[in-house]
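Shown next, in structure tokens, is the structure this report addresses.
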Amino acid sequence: MKPRLGPKASFVVSVVVALVGLFATWGTVDAQLSLNARGVTGTAQVVNVDQGASKRSGPTIDVRLVSSASDDTVTLDRFSGDPQPGDQIKVRYDPLDPSTMVQEGVGVWGAFQILMLFIGTAGAVCAVIEWQRMRRPRHPRRRRR
């Protein structure tokens, strides 16, 4: 018979899973909030296209704001179409933090962010269940004779 985790260990594991999932999601939530509050539309030029080393690491593009005097580039991992170096695309970005940028019409929420939100929420629900289980008094099982 496999040993089971006790309620305290299950609670700790649930809290850790919840924190990892929710902290991984926070960057996306912060980007979405800043784009909703201060986002402006601009034009960016595609500087580089990276097809990815494997099917798991999808393609990315490096873009630079046309209106910006700096040579800073931003890497976008979610975009539509098949942009090539030199193409210009419409983007939405935060003027206070130009590294917060998405292509116009493309959301900041991808599959990974949704998965992390699900894992974090599931961990939080399990933590609540384990907390209640820890607080419940344990009654020893009565043996039948």
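In the working numbering, the protein residues as written are 834 to 978. Beta carbons: idealized from backbone N, C-alpha and C, even for Gly.
- Query: What did DSSP end up calling Asp-904 once you bin it into helix, strand or coil?
  - Reply: Taking the sequence shown and counting its residues from 1, one reaches residue 904 at position 71. Correct three-state label for Asp-904: coil.
Would you kindly check if the distance between the Cβ of Leu-898 and the Cβ of Thr-876 is under 9 Å?
Stepping through the sequence shown from its first residue, residue 876 is reached at position 43. Stepping through the sequence shown from its first residue, residue 898 is reached at position 65. Cβ distance < 9 Å, so Thr-876 and Leu-898 count as in contact.
So for Gln-965, helix, strand or coil by DSSP?
What you label residue 965 is simply residue 132 of the sequence shown in a count that begins at 1. Correct three-state label for Gln-965: helix.
Lys-1002 bridges to which residues according to DSSP? Lying outside 834 to 978, the shown extent of the chain, residue 1002 is not represented and no answer is given.
DSSP bridge partner residues for Leu-898 (one or two, in chain order)
To locate residue 898, count along the sequence shown from 1; it is residue 65. Ala-877, per the DSSP bridge assignment.
According to DSSP, simplified to helix, strand and coil, what is Val-939?
Against the sequence shown, residue 939 aligns to sequence position 106. Three-state result, Val-939: coil.
Between Gln-865, Ser-843, Leu-855 and Val-880, which has its C-alpha nearest Asp-920's C-alpha? On the sequence shown, position 87 is the one that residue 920 refers to. The option with the nearest alpha carbon to Asp-920 is Val-880.
Looking at Ala-851 and Ala-960, is the spacing between their C-beta atoms short of 9 Å? Residue mapping note: residue 960 aligns to position 127 of the sequence shown, counting from 1. Residue mapping note: residue 851 aligns to position 18 of the sequence shown, counting from 1. Yes, the Cβ-Cβ distance between Ala-960 and Ala-851 is below 9 Å.
Using only alpha-carbon positions, find the residue among Trp-964, Phe-951, Ile-922 and Ala-864 that is nearest to Asp-930.
-> Here residue 930 refers to the residue found at position 97 when the sequence shown is read from its first residue. It is Ala-864.
Notebook entry, point to check: Since Met-949 sits in a beta bridge, which residues does DSSP pair it with?
Noted result: Here residue 949 is taken as the residue at index 116 of the sequence shown, counted from 1. Answer by DSSP bridge pairing: none, since Met-949 is not bridged.
Hey, would you say Val-896 sits closer than 9 Å to Val-924, going by beta carbons? Position 63 of the sequence shown holds residue 896. Position 91 of the sequence shown holds residue 924. Contact flag set, yes.
What are the start and end residues of the alpha helix (DSSP H) that includes Gly-914? As a first step, residue 914 is located in the sequence shown; it is residue number 81 there, counting from the start. Per DSSP, Gly-914 belongs to no alpha helix (DSSP H) and is neither H nor E.
> Based on Cα-Cα distance, which residue from Leu-866, Ser-867, Gly-891 and Val-853 lies nearest to Ala-944?
Replying inline: Your numbering for residue 944 matches position 111 in the sequence shown. Nearest C-alpha to Ala-944: Gly-891.
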